[in-house]
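Residue numbers (the working numbering): 131 to 362.
Built from N, CA and C at the ideal position, the CB exists for glycine as well.
All values reported here derive from a predicted model rather than from experimental measurement.
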Amino acid sequence: MKEEIKAWRHAFKIDPAKSFSESWLADICESGTDAIIVGGSEGITIDNVTECLAAVRRFSVPCVLEVTELEALTPGFDAYFIPVVLNAHNPAFISGLHQQALKAHGQLLETEEVLGEGYCILNRNSSAARRTNADAAMDMDDIVAFSRFSENVLQMPIFYLEYSGTYGNEEVVKKVSETLEHAQLFYGGGIRNSQQAAQMAVWADTVVVGNAIYENKEEALDTVKAVKEANR
Ligand code: 1GP
């Protein structure tokens with residue numbers, strides 16, 4: 131799976147705390163996206179994560195859990211993304227919860243595919259920023275420094291520019307993309323149409339679309355083609 135993940139250009143992020151219909155999920159899973167990421171910052175439970183996994187498993191699309199709640203960790207996903215929030219001021223989100231997770235579920239590392247995400251949260255009004263107490267007011271040099279730290283010191287396979295809920299700064303995405311040498315650059319935040327998706331897909335290796343699937347599904351579905359056709 132780790133090799134396959136490197137080729138992902140587009141992913142939809144499903145929030146297990148939100149309800150969905152079978153036909154809605156079929157449209158998302160059969161859209162041509164490379165993967166479904168299950169993740170969110172509020173209201174995540176073992177029940178809604180398990181329900182989400184079972185529902186997505188009816189389709190052939192890969193399904194990954196972005197682990198944000200220790201209690202919701204459940205086996206059976208294709209891979210597990212572990213966000214390390216580099217600009218969190220709450221240390222629990224840098225290493226505390228991770229250490230507790232491995233204390234309880236360390237065997238996951240032997241049996242499942244686990245990838246670390248160096249996470250930078252850049253929308254100060256997002257629930258992720260509030261929850262982690264992230265210092266989202268960073269300039270370009272601060273963010274680039276975090277991308278270097280993530281790739282070269284922590285050796286994270288993924289660096290995630292998380293603008294959750296708001297469309298990000300293309301110059302930042304470009305600069306980080308030019309800085310990273312090996313890590314896979316994920317961009318997520320505020321993509322509502324194909325033009326925005328295509329713009330970020332020029333610089334990001336993988337473009338993640340979340341809220342739009344709940345707000346305007348048809349426009350969200352169009353982002354798949356836009357990302358796949360964008361030149362990188
Ligand atoms: C959220 O990066 C994803 O974790 C996607 O962001 O919901 O704003 O699309 P949006």
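- Here Ile135 is not near Ile166, since their CB atoms are 7 Å or more apart.
- CA-to-CA, the gap between Glu181 and Pro146 works out to about 8 Å.
- In the structure shown, Gln229 adopts helical secondary structure according to DSSP, grouped into three states.
- If one requires a minimum length of 3 residues, the beta strand (DSSP E) runs lying completely within the segment 273 to 309 are 288 to 292, in chain order.
- At least one heavy atom of the ligand 1GP is found less than 6 Å from the C-beta of Asn341.
- In the DSSP annotation of this structure, the continuous segment of the beta strand (DSSP E) that includes Thr336 starts and ends at 336 to 339.
- Contact between Glu242 and Val214 does not hold, since the beta-carbon distance rounds to 18 Å and is not under 8 Å.
- Restricted to the segment 235 to 277, the beta strand (DSSP E) segments that are unbroken, complete and at least 3 residues in length are 244 to 251, listed in chain order.
- If you compare the alpha carbons of Leu252, Glu199, Ala209 with that of Gln230, the shortest gap goes to Glu199.
- In terms of side-chain proximity, the C-beta atom of Val179 is found no nearer than 6 Å to any non-hydrogen atom of the ligand 1GP.
- In this structure, the beta-carbon distance from Gly319 to Ser294 falls below 7 Å.
- The ligand 1GP never approaches Lys355 closely enough for any of its heavy atoms to be under 6 Å from the residue's Cβ.
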